[in-house]
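The sequence shown lines up with residues 0 to 319 when you count with numbering that gives the first Met the number 0.
Backbone N, C-alpha and C define an ideal beta-carbon position, used for all residues, glycine too.
Computed from a predicted model, the values in this text were never measured in an experiment.
Have a look at the structure below before the remarks.
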Amino acid sequence: MERIIFDTDSAVFNDDAAALAMLTRRPDAVETLGVTVVAGNYPVPQGAEHMLHLLELVGADTIPLYLGAHSPLVNSPAQAARQEARWGPVSFKGAFDASDTVAPPHGGRFATARPATGGAVPFIIETIDRYPNEITLVAVGPMTNIALALQQRPDLAPRVKRFVFMGGNVHVPGNVTPAAEFNIWFDPEAAHAVLATALPEVVMFGLDITNHAPLHRSRFDRMVAADTPLTRLMRHDMGPRFNADPAATYHIWDCITAAWLIDPAIVTRSEHLPVAVDTALGPTYGGTVAAAESDARTIEVMLDLDLERFFGLYEELLTS
Ligand code: RIB
Ligand code: CA
0 MERIIFDTDS
10 AVFNDDAAAL
20 AMLTRRPDAV
30 ETLGVTVVAG
40 NYPVPQGAEH
50 MLHLLELVGA
60 DTIPLYLGAH
70 SPLVNSPAQA
80 ARQEARWGPV
90 SFKGAFDASD
100 TVAPPHGGRF
110 ATARPATGGA
120 VPFIIETIDR
130 YPNEITLVAV
140 GPMTNIALAL
150 QQRPDLAPRV
160 KRFVFMGGNV
170 HVPGNVTPAA
180 EFNIWFDPEA
190 AHAVLATALP
200 EVVMFGLDIT
210 NHAPLHRSRF
220 DRMVAADTPL
230 TRLMRHDMGP
240 RFNADPAATY
250 HIWDCITAAW
260 LIDPAIVTRS
270 EHLPVAVDTA
280 LGPTYGGTVA
290 AAESDARTIE
300 VMLDLDLERF
310 FGLYEELLTS
């Protein structure tokens with residue numbers, strides 16, 4: 000049984016919300032103690048509404064949700080503009096491009112449950128303190144909340160059971176610049192700080208593994224045919240792109256991390272590598288590099304998966 004904190008930059012459905020939905024379907028395998036929201040895909044207030052809505056939809060609104068860091072440690076819209084002017088486009092800037100207006104979630108109504116008081120960073124600290132060596136920290140967005148918690152309480156790092164994150168790219172190109180993946184690019188300094196702590200075990204689900212599992216229209220069509228509240232949200236969020244281009248595919252990055260927490264046998268290949276984060280503002284800002292000669296810490300980099308096993312679980316959990 001995994002006991003986790005789910006740290007997320009949120010999505011309407013794909014992929015943070017779908018990952019959380021998967022986890023809530025299997026409380027026998029994963030106990031989600033709390034959801035902590037960080038800026039990334041969306042600004043925190045909007046992201047929190049997506050996740051509160053999702054929790055209500057799956058009947059898991061007793062799981063508390065905490066608001067976290069509204070901006071990265073160093074990166075900012077102004078810095079991103081400077082990066083683009085000098086070194087070329089960043090294809091997705093998430094919350095940096097979003098408005099401050101908070102729109103109601105799908106259905107037009109805000110969820111009844113509201114964010115818990117206290118904030119994400121105190122919640123992370125208190126939870127690790129309360130369950131020493133038992134907590135798996137799961138980060139599927141930028142690592143700002145985790146970095147702030149471990150900066151405040153470095154003594155807690157060795158008392159985390161393990162840290163599992165979606166982000167980075169080792170043997171493949173980035174997805175927002177040729178060098179960088181979004182979660183790490185949004186807050187490279189946080190990722191660098193977290194990887195430098197005394198966390199006993201770190202597991203990386205980067206683009207190396209997530210690129211292998213695109214969602215195609217045939218599976219999407221089969222899933223939304225289930226016509227449940229959850230698949231109606233899936234259709235609302237992901238349908239327009241498939242309607243515009245039936246050959247389109249979706250990356251469902253965070254869902255692979257969620258699936259592995261439930262069924263570790265989905266991963267078929269990994270490597271232990273020293274991974275460093277590039278924090279020098281330049282064309283490779285936010286890239287993750289396997290640096291054999293560096294003093295970077297060694298982490299487990301997930302590389303490939305059993306597609307049938309993964310998609311079987313994904314489909315079953317999201318349509319049941
Ligand atoms: O690069 C993919 C990651 O960035 C996913 O976690 C996605 O949800 C966004 O946060
Ligand atoms: Ca995410």
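Simplified DSSP state of Leu-304, which is helix, strand or coil
The answer is strand: DSSP assigns Leu-304 an E or B state.
By alpha-carbon positions, which one of Ala-80, Ala-246 and His-105 ends up nearest to Phe-95?
The shortest Cα separation from Phe-95 among Ala-80, Ala-246 and His-105 belongs to Ala-80.
Looking only at its own chain, which residues have a Cβ that is under 6 Å from the Cβ of Leu-198, when we skip the five neighbours before and after it?
Residues Ala-156, Val-159 and Phe-162 of the same chain have their beta carbon placed closer than 6 Å to that of Leu-198, with the five preceding and five following residues left out of the count.
Kindly provide the ranges of any alpha helix (DSSP H) runs that are 4 or more residues long and lie completely inside the segment 32-117, ordered along the chain.
Here the runs fully enclosed are 43-56 and 76-86.
Neighbourhood of Phe-91 by C-beta, 8 Å cutoff - its chain only, sequence neighbours within 5 removed:
Cβ neighbours of Phe-91 beyond the five flanking positions: Asn-174, Val-175 and Phe-181.
Closest by C-alpha distance to Glu-292, when choosing among Leu-136, Thr-7, Met-50 and Val-274:
Residue Val-274 is the option with its Cα nearest to Glu-292.
Along the beta strand (DSSP E) that carries Val-11, what are the first and last residues, could you check?
Unbroken run through Val-11: none, as it is neither H nor E.
Just checking Met-203 against ligand 2 - is the residue's beta carbon closer than 7 Å to any of the ligand's heavy atoms?
No.
Answer yes or no: the CB of Gly-46 versus the heavy atoms of ligand 1, is any distance below 7 Å?
Incorrect: Gly-46 has no Cβ contact closer than 7 Å to ligand 1.
With a threshold of 8 Å, are at least 3 pairs of Cβ atoms found where one atom belongs to the segment 228-240 and the other to the segment 276-294?
No: the two stretches stay apart, fewer than three of their Cβ pairs being nearer than 8 Å.
Run the CB neighbour count on Pro-177, radius 10 Å, all protein chains shown included, and call it buried at 16 or more, exposed below.
Classification for Pro-177: exposed.
Among Met-233, Ala-102, Asp-277 and Phe-122, whose alpha-carbon lies nearest the alpha-carbon of Ala-192?
Comparing Cα-Cα distances from Ala-192 to each of Met-233, Ala-102, Asp-277 and Phe-122, the minimum goes to Asp-277.
Near Asp-253, what residues of its chain come up, given a Cβ to Cβ distance below 7 Å and the 5 sequence neighbours on each side ignored?
So the list reads Asp-14, Asp-15, Ala-18, Val-139 and Met-165, once near-sequence residues are dropped.
Give a yes or no on contact between the segment 203-212 and the segment 253-272, applying the rule of three or more CB pairs nearer than 8 Å.
Short answer: they touch.
Is the CB-CB distance between Trp-316 and Arg-25 below 8 Å?
The sequence given here has Leu at residue 316, not Trp. Result yes, Cβ atoms of Leu-316 and Arg-25 sit closer than 8 Å.
Which full runs of the alpha helix (DSSP H) of 4+ residues lie inside the segment 237-307, going along the chain?
Whole alpha helix (DSSP H) segments, 4+ residues: 252-261.
Can you pull the DSSP bridge partners for Val-175?
Residue pairing by DSSP places Val-175 opposite no residue, since no beta bridge is assigned to it.
Say yes only if the C-beta of Asp-186 is nearer than 7 Å to one or more non-hydrogen atoms of ligand 1, and no if none qualify.
Because no heavy atom of ligand 1 lies under 7 Å away, the Cβ of Asp-186 does not count as near it: no.
Heavy atom of ligand 1 less than 7 Å from the Cβ of Ala-10, yes or no?
With a threshold of 7 Å, the Cβ atom of Ala-10 counts as near ligand 1, since some heavy atom of the ligand is closer than that.
Pair within 8 Å by beta-carbon distance, Thr-35 and Val-169
Cβ atoms of Thr-35 and Val-169: not closer than 8 Å.
Does the segment 114-123 come into contact with the segment 226-236, if we say contact requires no fewer than three beta-carbon pairs (one atom in each stretch) closer than 8 Å?
Contact between the segment 114-123 and the segment 226-236 is absent: fewer than three C-beta pairs spanning the two stretches fall below 8 Å.
Proximity of Thr-23 and Ala-47 at Cβ, strictly below 8 Å:
At the C-beta level, Thr-23 and Ala-47 stay beyond 8 Å of one another.
Rounded to the nearest angstrom, what separates Leu-214 and Asp-226 at their Cα positions?
Going by the C-alpha atoms only, they are around 18 Å apart.
Own chain, CB closer than 6 Å to Gly-87, minus 5 neighbours either side, in chain order
So no residue of the chain qualifies.
Between the alpha carbons of Ile-124 and Pro-245, how many angstroms are there, rounded?
Each residue's Cα considered, the two are about 45 Å apart.
Quick check: the Cα distance between Thr-318 and Leu-260, rounded to an integer number of angstroms?
Their Cα atoms are separated by approximately 19 Å.
Nearest-angstrom beta carbon gap, Ser-269 and Met-301 [assumed within contact, 8 Å]
Confirmed, about 5 Å.
6 Å Cβ shell around Pro-44 - same chain, five flanking residues per side excluded:
The answer, listed in chain order, is Val-101.
Per DSSP, the bridge partner or partners of Arg-24
Residue pairing by DSSP places Arg-24 opposite no residue, since no beta bridge is assigned to it.
Excluding the 5 residues flanking Glu-55 on each side, which residues of the same chain have their C-beta closer than 8 Å to its C-beta?
So the list reads Ala-110, Thr-111 and Ala-112, once near-sequence residues are dropped.
Short Cβ contact (8 Å threshold) for Asp-186 with Pro-141
Yes. Within cutoff.
Tell me whether Met-165, by its Cβ, gets closer than 7 Å to a heavy atom of ligand 1.
Checking every heavy atom of ligand 1 against the Cβ of Met-165, one is found closer than 7 Å.
Among His-52, Ile-265 and Arg-152, which residue has its Cα nearest to the Cα of Pro-114?
If we check each option's Cα against that of Pro-114, His-52 comes out closest.
Taking the runs of the alpha helix (DSSP H) that are 4 residues or longer, which of them lie wholly in the segment 124-207?
Contiguous alpha helix (DSSP H) elements confined to the segment 124-207 occur at 143-151, 181-185 and 187-194, taking only those with 4 or more residues.
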